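First up is the structure itself, then whatever we jot down about it.
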Amino acid sequence: VLFPRVHQCTERLLHRVGYTIKPANQGCCGALHAHNGQLDEARQLASKLIQSMPGDAPIIVNSAGCGSTMKEYGHLLGTPEAEQFAKRVVDLSEFLLSQNLSELLQQATKLEGKRITYHDACHLSHGQKITSQPRQLIQAIPGIEFVELEESMVCCGSAGIYNVMQPDMARQLLDRKTSHIQETKADIVATGNPGCHAWIAQGCREKGIARTLHTAELLEAAFVGLQPFFEQ
Numbered sequence: 055v056l057f058p059r060v061h062q063c064t065e066r067l068l069h070r071v072g073y074t075i076k077p078a079n080q081g082c083c084g085a086l087h088a089h090n091g092q093l094d095e096a097r098q099l100a101s102k103l104i105q106s107m108p109g110d111a112p113i114i115v116n117s118a119g120c121g122s123t124m125k126e127y128g129h130l131l132g133t134p135e136a137e138q139f140a141k142r143v144v145d146l147s148e149f150l151l152s153q154n155l156s157e158l159l160q161q162a163t164k165l166e167g168k169r170i171t172y173h174d175a176c177h178l179s180h181g182q183k184i185t186s187q188p189r190q191l192i193q194a195i196p197g198i199e200f201v202e203l204e205e206s207m208v209c210c211g212s213a214g215i216y217n218v219m220q221p222d223m224a225r226q227l228l229d230r231k232t233s234h235i236q237e238t239k240a241d242i243v244a245t246g247n248p249g250c251h252a253w254i255a256q257g258c259r260e261k262g263i264a265r266t267l268h269t270a271e272l273l274e275a276a277f278v279g280l281q282p283f284f285e286q
């Protein structure tokens, strides 16, 4: 809903590694409800999503918060069906790396000279223990300078609905995060979660510093250039 272009880039990247997309009649995964302690509602949404995606094909997720919750459906619902579903869930960066996108990126030269940093979304790094895969993909882009972000695994303040419920503390965390981004002098900061994306983008705009892209957008930009992503 917030970032339709991220889904478009996800589809293009999956096509690049030889996969076609079979979109299901999807609904919400229930992550935001689970984050807010509304577990009955989360279970209802999880059950509906499982029913909408039968079979054994991988379920590729480009939102860290959604993926973290969907990988825990077995615990949330306590059924064999939910456990089997959870085993099919794969973060986009995990999947693309396993399908050798890093090799294709050797020919993607549209980001030469750009300095790039990366923010670890909490639900990706802490929730799913995924930290190296996005970095390996980004660092495979020819001609870029990758700069590690200080306190990359510290929350940016978005945290699901935390920035709505606790705006003062969320703002402090955002200021801390964007100060570290500013220190890198990066042109682009990438991240793998829409909540982080929106919150960090707001903070970076306010300071006039790095542009914020989802990891999928950044990887696709390596093939096609940045102009489509920076158009207003």
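Be aware that the sequence shown starts at 55, since it is given in the working numbering, and climbs by one per residue. From the three backbone atoms N, C-alpha and C, an ideal C-beta is built for every residue, glycine too. Small disclaimer: the values here were computed from a predicted structure and weren't measured.
Which stretch, first to last residue, makes up the alpha helix (DSSP H) that contains residue i?
i, result
"Val278", "Thr269 to Val278"
"Ala136", "Pro134 to Arg142"
"Ile113", "Ile113 -> not in any alpha helix (DSSP H); beta strand (DSSP E) instead, spanning Ile113 to Val115."
For the beta strand (DSSP E) that contains residue i, what are its first and last residues?
i, result
"Tyr216", "Where Tyr216 is concerned, there is no enclosing beta strand (DSSP E), although the alpha helix (DSSP H) it sits in stretches over Tyr216 to Met219."
"Tyr73", "Careful: Tyr73 lies outside any beta strand (DSSP E) and carries neither H nor E."
"Ala244", "Ile242 to Thr245"
"Thr171", "Arg169 to Tyr172"
"Ile254", "Premise fails: Ile254 lies in the alpha helix (DSSP H), Pro248 to Lys261, not in any beta strand (DSSP E)."
Quick check: what's the CA-CA separation for residue i versus residue j?
i, j, result
"Ala88", "Lys239", "36 Å"
"Ala96", "Gly119", "13 Å"
"Tyr172", "Met223", "22 Å"
"Thr64", "Leu267", "13 Å"
"Leu150", "Gly262", "32 Å"
"Leu217", "Leu86", "Note that residue 217 is Asn in the sequence shown, not Leu. Each residue's Cα considered, the two are about 13 Å apart."
"Gln236", "Lys102", "43 Å"
"Gly128", "Ala100", "10 Å"
"Cys264", "Gly197", "First, the amino acid is wrong: residue 264 is Ala here, not Cys. Looking at the two C-alpha atoms, the distance is approximately 18 Å."
Label residue i either buried or exposed according to how many other C-beta atoms from any shown protein chain fall within 10 Å of its C-beta, with 16 as the threshold for buried.
i, result
"Ile195", "buried"
"Gly121", "buried"
"Ala175", "buried"
"Glu274", "buried"
"Gln187", "buried"
Could you tell me how far apart the beta carbons of residue i and residue j are, in whole angstroms, since I believe they sit closer than 8 Å?
i, j, result
"Leu228", "Cys210", "6 Å"
"Gln156", "Leu191", "Note that residue 156 is Ser in the sequence shown here, rather than Gln. Contact flag correct, Cβ pair sits at about 6 Å."
"Ile43", "Leu68", "Residue coverage of the chain in this structure runs from 55 to 286, which leaves residue 43 outside it and unanswerable."
"Gly246", "Thr269", "5 Å"
Whose CA, out of the options, lies closest to the CA of residue i?
i, options, result
"Gln182", "Asn116, Glu202, Pro134 and Gly279", "Asn116"
"Ile113", "Glu148, Gln92, Ala244 and Leu86", "Glu148"
"Gly36", "Leu178, Cys82 and Asn90", "Beyond the ends of the chain as shown, which are 55 and 286, falls residue 36; an answer cannot be given."
"Leu159", "Pro248, Phe277 and Arg189", "Phe277"
"Lys125", "Phe139, Pro134, Lys261 and Arg265", "Phe139"
"Glu199", "Pro188, His177 and Arg169", "Arg169"
"Ala162", "Ser179, Leu272, Phe283 and Pro282", "Leu272"
"His234", "Leu203, Gln220 and Glu260", "Leu203"
"Glu135", "Gln105, Arg225 and Glu205", "Gln105"
"Gln153", "Val71, Leu178, Pro221 and Gly167", "Val71"
"Met107", "Ala255, Gln80, Cys258 and Val243", "Gln80"
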